[in-house]
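Numbering (UniProt numbering), first residue to last: 1 to 143. Beta carbons are placed, not taken as given, at the ideal position from N, Cα and C, and that holds for glycine. For clarity, every value in this text was computed on a predicted model and none was experimentally measured. The structure appears right after this line, and notes come after that.
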């Protein structure tokens, strides 16, 4: 976030039956002046909407605060955490799973750095009111 503007980014990596990788990234412009934890939780929520059929999905998250929110009985950002939990429960009812894995930020992990760059693209897009549920999204496939 810079100048009070916020964005978030998601990188969806899919493998076909031949092991060919397709990366699709999504950049979102979020509401101004939200916290970094809110931005990370927004990315998780939006990413949960990208979960496809399959056995399991992995979310690599570089925000301990966002991950800790899921463990708290009274999280600071309760509305968005509860929304994420509801989606997670729906996913799990279908026999699929979602695993969250913490990764350190800004230490040169290539895919994490790519997602940070994607989030910066979301930061400069037109105004949105998320978490008021209006987001501006750009998507792009890459190799």
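Proximity winner among the options, relative to residue i (alpha-carbon distances)
i: residue 49; options: 115, 19, 83, 37; result: 83
i: residue 80; options: 118, 40, 121; result: 40
i: residue 94; options: 29, 51, 37; result: 51
i: residue 24; options: 16, 11, 64; result: 11
i: residue 119; options: 29, 19, 16, 21; result: 29
i: residue 64; options: 17, 4, 105; result: 105
i: residue 102; options: 68, 33, 7; result: 68
i: residue 70; options: 58, 34, 44, 57; result: 44
i: residue 31; options: 9, 16, 5; result: 5
Residue i in three-state terms, based on DSSP
i: residue 102; result: strand
i: residue 24; result: strand
i: residue 122; result: helix
i: residue 44; result: helix
i: residue 10; result: strand
i: residue 91; result: helix
i: residue 69; result: helix
i: residue 97; result: strand
Residues bridged to residue i [DSSP beta-bridge criterion]
i: residue 16; result: DSSP, once it has assigned bridges, lists no residue as partnering residue 16.
i: residue 84; result: Its beta-bridge partners do not exist; DSSP assigns none.
i: residue 32; result: None, per the DSSP bridge assignment.
i: residue 61; result: 102
i: residue 56; result: 97
Exposure of residue i, with buried meaning 16 or more beta-carbon neighbours within 10 Å
i: residue 128; result: Confidence at residue 128 is low in this model, with a pLDDT of 49, below 50, so its placement is unreliable and the value that follows should be read with caution. Buried, by the Cβ-count rule.
i: residue 143; result: Note that residue 143 scores 47 on pLDDT, short of 50, meaning its location in the model is unreliable and no value can be drawn from it.
i: residue 36; result: exposed
i: residue 75; result: buried
i: residue 46; result: buried
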